[in-house]
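Student: Each residue of the sequence shown is one higher than the last, beginning at 1 in UniProt numbering.
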Amino acid sequence: MHDAIVIGAGPAGSSTATALAQHGWSVAMVEKVVFPRRKVCGEFMSGTSLALLDRLGVGEIWRAEAGPEIRRVGFFSGDVSAQARMPTARTGPGRALGRDRLDYVLLQAAERAGVEILQPCKAVAIRRGDDLQFVTVEEGQQEKVLSAPVIIAAHGSWEPGKLPSQLARTSQPSDLFGFKAHFTGAALPPDLMPLLVFPGGYGGMVTADRGRVSISCCIRRDVLSGLRQRFGNTAAADAVWRHVVASCRGVGTVLAGAELDGPWLAAGPIHPGIRAGYDQGIFRVGNVAGESHPVIAEGISMALQSGWLLARELVASGKGHEGHDEAGHRYEREWRRQFSTRLRAAALIARIALGPGGAAAMRAVIKNFPAALTLGARLSGKIQPVPGF
Numbered sequence: 001m002h003d004a005i006v007i008g009a010g011p012a013g014s015s016t017a018t019a020l021a022q023h024g025w026s027v028a029m030v031e032k033v034v035f036p037r038r039k040v041c042g043e044f045m046s047g048t049s050l051a052l053l054d055r056l057g058v059g060e061i062w063r064a065e066a067g068p069e070i071r072r073v074g075f076f077s078g079d080v081s082a083q084a085r086m087p088t089a090r091t092g093p094g095r096a097l098g099r100d101r102l103d104y105v106l107l108q109a110a111e112r113a114g115v116e117i118l119q120p121c122k123a124v125a126i127r128r129g130d131d132l133q134f135v136t137v138e139e140g141q142q143e144k145v146l147s148a149p150v151i152i153a154a155h156g157s158w159e160p161g162k163l164p165s166q167l168a169r170t171s172q173p174s175d176l177f178g179f180k181a182h183f184t185g186a187a188l189p190p191d192l193m194p195l196l197v198f199p200g201g202y203g204g205m206v207t208a209d210r211g212r213v214s215i216s217c218c219i220r221r222d223v224l225s226g227l228r229q230r231f232g233n234t235a236a237a238d239a240v241w242r243h244v245v246a247s248c249r250g251v252g253t254v255l256a257g258a259e260l261d262g263p264w265l266a267a268g269p270i271h272p273g274i275r276a277g278y279d280q281g282i283f284r285v286g287n288v289a290g291e292s293h294p295v296i297a298e299g300i301s302m303a304l305q306s307g308w309l310l311a312r313e314l315v316a317s318g319k320g321h322e323g324h325d326e327a328g329h330r331y332e333r334e335w336r337r338q339f340s341t342r343l344r345a346a347a348l349i350a351r352i353a354l355g356p357g358g359a360a361a362m363r364a365v366i367k368n369f370p371a372a373l374t375l376g377a378r379l380s381g382k383i384q385p386v387p388g389f
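Right, dumping it as structure tokens:
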């Protein structure tokens, strides 16, 4: 038996597991995929989480390996290219580290803290008892059952399955799918992170580790379907890429002569919004607790910080099952206090960008008022301190 079982070993799961183990909890973490692995993600992390990385024991590695400090936020849409100052957190500027490296470093930190890692291993069922919960996991061809009073879902919002913490799937024309690729030899200024806005979608670019430029974007399901037909039923990633380059001159300029580093990745649909952080006796962290539109590049920071917020409340409530309902409600309140403003800002920006004429409207505003980029970055949480740091 463990004190807690964490399902998912991304930034949210690893931060929760490590923080609990550092306080003497017996923790098992279940992850279905072998690390390192690439993942659809913008890869930028705000400076607000630097002190938390130090607490988790990976700050030194992150500072040594992450890409250059991001001090300017930019905008590429149509023929418009603009830039403004990126607001800087008290703990320092943000930088980008590939998820193939970041997640592996966080996983190693959890293992050093004493977390039992089950990988590759998939959670397939959760059953609740009186004082314990039981998680059935598949490891190869074998099944076994783990038990703990605390179950923490950190499997993300894209994960299909039958766990009570996993989201129901629906299909709508407005669904957003994510795409991501790395390029080498790009001419993107190293301290610049531009927002990309194009018909039916939005995206971003940033220089990450080893000089790789990471480009990620979201596009509506119905727009993607139309693009694939227009380009002769080509692959989805190819259709998206041709659309982005044709719609954002700045992208074509900085990637002229660059080479694709590895294949394009795709995932989704994304599920922006705030959900229950504690439901049916299961705690949720990361995207499954609440997901921002990626337009504000705060996903990694929110994942790490949500794990810290939950661990803090669980440690305060103690290892037994008593007091967990109160801890869950405190965590939900703290989560909303920490993240609701940036989710609302992200939803507003995304609504404008995706709406009819939205790209043209944003071009007109930012061309004449570039400081709007700084204001948007500030509202998106780029300097929001983490409670307790």
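Beta carbons are placed, not taken as given, at the ideal position from N, Cα and C, and that holds for glycine. Small disclaimer: the values here were computed from a predicted structure and weren't measured.
Between which two residues does the beta strand (DSSP E) holding residue 414 run?
Tutor: The chain is shown from 1 up to 389; residue 414 falls before or after that span and cannot be answered.
Student: Report all residues from its chain with a CB closer than 6 Å to the CB of Arg-127; omit the five preceding and five following residues, and keep chain order.
Tutor: Position 127 of the sequence shown holds residue 127. Excluding positions up to five away in sequence, the list reads Phe-134.
Student: Express the C-alpha separation of Ala-297 and Ser-49 in angstroms, rounding to a whole number.
Tutor: For the purposes of this step, residue 49 is identified with residue 49 of the sequence shown, where counting begins at 1. For the purposes of this step, residue 297 is identified with residue 297 of the sequence shown, where counting begins at 1. Near 13 Å, if we compare the C-alpha coordinates of Ala-297 and Ser-49.
Student: Closest to Gly-203 by C-alpha separation, out of Leu-265, Gly-211 and Ile-219, would be which residue?
Tutor: Within the sequence shown, the letter at position 203 stands for residue 203. Measuring from the Cα of Gly-203, the nearest candidate turns out to be Ile-219.
Student: How do the region 133–150 and the region 165–182 stand: do at least 3 beta-carbon pairs fall below 8 Å, yes or no?
Tutor: Short answer: they don't touch.
Student: With a cut-off of 8 Å on the beta carbons, I'd call Thr-16 and Leu-310 a contact; round off their distance for me.
Tutor: Taking the first residue of the sequence shown as 1, we reach residue 16 at position 16. Taking the first residue of the sequence shown as 1, we reach residue 310 at position 310. Yes, they are in contact, since the Cβ atoms of Thr-16 and Leu-310 sit about 6 Å apart, within 8 Å.
Student: Starting from Gly-203, follow the beta strand (DSSP E) in both directions and report where the run begins and ends.
Tutor: Within the sequence shown, the letter at position 203 stands for residue 203. Here the beta strand (DSSP E) through Gly-203 covers 201–207.
Student: Please state whether the Cβ-Cβ distance between Leu-20 and Ala-9 is less than 8 Å.
Tutor: Numbered from 1 along the sequence shown, position 20 holds the residue referred to as residue 20. Numbered from 1 along the sequence shown, position 9 holds the residue referred to as residue 9. Not closer than 8 Å, so no.
Student: Compute the Euclidean distance between the alpha carbons of Lys-180 and Ser-317, then round it to the nearest angstrom.
Tutor: Counting from 1 along the sequence shown, the entry for residue 180 is found at position 180. Counting from 1 along the sequence shown, the entry for residue 317 is found at position 317. Between Lys-180 and Ser-317, the C-alpha separation is close to 40 Å.
Student: For Val-73, is the classification buried or exposed, using 16 other Cβ atoms within 10 angstroms of its Cβ as the cut-off for buried?
Tutor: Within the sequence shown, numbered from 1, the residue matching residue 73 stands at position 73. By the 10 Å Cβ count, Val-73 comes out buried.
Student: Mark Arg-169 as exposed unless 16 or more other C-beta atoms lie within 10 angstroms of its C-beta, in which case mark it buried.
Tutor: Walking along the sequence shown from the start, residue 169 turns up at place 169. Classification of Arg-169: exposed, given that the 10 Å Cβ count is below 16.
Student: In terms of residue numbering, what span does the beta strand (DSSP E) encompassing Thr-341 cover?
Tutor: In the sequence shown, counting from the first residue as 1, residue 341 sits at position 341. Thr-341 -> not in any beta strand (DSSP E); alpha helix (DSSP H) instead, spanning 324–354.
Student: Can you give the Cα-Cα distance for Thr-234 and Arg-228, rounded to whole angstroms?
Tutor: Position 234 of the sequence shown, counted from the first residue, corresponds to residue 234. Position 228 of the sequence shown, counted from the first residue, corresponds to residue 228. If you take the alpha carbons of Thr-234 and Arg-228, they lie about 5 Å apart.
Student: Between the alpha carbons of Leu-167 and Arg-90, how many angstroms are there, rounded?
Tutor: Here residue 167 refers to the residue found at position 167 of the sequence shown. Here residue 90 refers to the residue found at position 90 of the sequence shown. If you take the alpha carbons of Leu-167 and Arg-90, they lie about 36 Å apart.
Student: Can you tell which of Asn-287, Arg-99 and Ile-7 has the C-alpha that lies nearest to the C-alpha of Ser-306?
Tutor: Residue 306 sits at position 306 when you count from the first residue of the sequence shown. It is Asn-287 whose Cα lies nearest to the Cα of Ser-306.
Student: If you pair each beta-carbon of the region 353–366 with each one of the region 74–94, do three or more pairs fall below 8 Å?
Tutor: Output reads yes: the region 74–94 touches the region 353–366.
Student: Which partner residues of Glu-291 appear in the DSSP bridge assignment?
Tutor: Numbered from its first residue, the sequence shown carries residue 291 at position 291. According to DSSP, Glu-291 bridges with Gly-273.
Student: If you pair each beta-carbon of the region 25–35 with each one of the region 186–197, do three or more pairs fall below 8 Å?
Tutor: Too few Cβ pairs lie closer than 8 Å, so no.
Student: Do Gly-94 and Phe-44 have their CB atoms nearer than 8 Å?
Tutor: Within the sequence shown, residue 94 is the residue found at index 94, counting from 1. Within the sequence shown, residue 44 is the residue found at index 44, counting from 1. Cβ distance < 8 Å, so Gly-94 and Phe-44 count as in contact.
Student: Just the Cα atoms here: how many angstroms apart are Gln-384 and Gly-232?
Tutor: Taking the first residue of the sequence shown as 1, we reach residue 384 at position 384. Taking the first residue of the sequence shown as 1, we reach residue 232 at position 232. The alpha-carbon atoms of Gln-384 and Gly-232 are separated by roughly 46 Å.
Student: Assuming Ala-96 and Gly-67 make a contact with CB atoms under 8 Å, what is their CB distance in whole Å?
Tutor: Taking the first residue of the sequence shown as 1, we reach residue 96 at position 96. Taking the first residue of the sequence shown as 1, we reach residue 67 at position 67. Ala-96 to Gly-67, Cβ: 5 Å. Contact.
Student: Along the chain, where does the alpha helix (DSSP H) that runs through residue 442 open and close?
Tutor: A query on residue 442 cannot be resolved here, the shown segment of the chain reaching from 1 to 389 and no further.
Student: If you compare alpha carbons, which of Met-205, Pro-87, Met-86 and Gly-178 is closest to Ala-266?
Tutor: Numbered from 1 along the sequence shown, position 266 holds the residue referred to as residue 266. Nearest of Met-205, Pro-87, Met-86 and Gly-178 to Ala-266, Cα basis: Gly-178.
Student: Cα separation between Trp-308 and Arg-275?
Tutor: As a first step, residue 308 must be located in the sequence shown, where it is residue number 308. As a first step, residue 275 must be located in the sequence shown, where it is residue number 275. So the alpha carbons of these two residues sit roughly 18 Å apart.
Student: Helix or strand or just coil, what does DSSP make of Leu-97?
Tutor: Stepping through the sequence shown from its first residue, residue 97 is reached at position 97. Coil, per DSSP.
Student: If we define contact as Cβ-Cβ less than 8 Å, is Phe-179 a contact residue for chain B?
Tutor: Given the protein chain composition of this structure (a single chain), no chain B is represented.
Student: Going by the DSSP bridge assignment, what does His-182 pair with across the sheet?
Tutor: Mapped onto the sequence shown, residue 182 falls at position 182. Answer is Ser-214, bridged to His-182.
Student: Which ranges would you report for the alpha helix (DSSP H) in the region 27–83 if only whole runs of at least 4 residues count?
Tutor: Runs found: 50–56 and 59–65.
Student: Would you mind sorting Glu-31 into buried or exposed? The rule is 16 or more other CB atoms within 10 Å of its CB.
Tutor: One-based indexing of the sequence shown puts residue 31 at position 31. It is buried - the Cβ of Glu-31 has at least 16 other Cβ atoms within 10 Å.
Student: Could you pull the DSSP bridge partners for Asp-279 from this structure?
Tutor: In the sequence shown, the residue the question calls residue 279 occupies position 279. Partner(s): Ile-282.
Student: Where does the unbroken alpha helix (DSSP H) through Ile-7 begin, and where does it stop?
Tutor: Locating residue 7 in the sequence shown gives position 7, counting from the first residue. Element bounds for Ile-7: not the alpha helix (DSSP H) but the beta strand (DSSP E), 4–7.
Student: Use the C-beta contact count for Glu-332: other C-beta atoms within 10 angstroms, 16 or more gives buried, fewer gives exposed.
Tutor: For the purposes of this step, residue 332 is taken as the residue at position 332 of the sequence shown. It counts as buried.
Student: Buried or exposed, going by whether 16 or more other CB atoms sit within 10 Å of the CB of Arg-312?
Tutor: Taking the sequence shown and counting its residues from 1, one reaches residue 312 at position 312. When all chains shown are included, Arg-312 counts as buried.
Student: Are Pro-11 and Leu-118 close, meaning C-beta to C-beta below 8 Å?
Tutor: Residue 11 sits at position 11 when you count from the first residue of the sequence shown. Residue 118 sits at position 118 when you count from the first residue of the sequence shown. Against a cut-off of 8 Å, the Cβ pair of Leu-118 and Pro-11 comes out as no contact.
Student: Applying the 10 Å Cβ sphere with the 16-neighbour rule, what's the burial state of Glu-291?
Tutor: Counting from 1 along the sequence shown, the entry for residue 291 is found at position 291. Per the 10 Å Cβ criterion, buried.
Student: When the Cα atoms are used, what is the spatial distance from Lys-367 to Pro-356?
Tutor: By 1-based counting over the sequence shown, the position of residue 367 is 367. By 1-based counting over the sequence shown, the position of residue 356 is 356. Near 19 Å, if we compare the C-alpha coordinates of Pro-356 and Lys-367.
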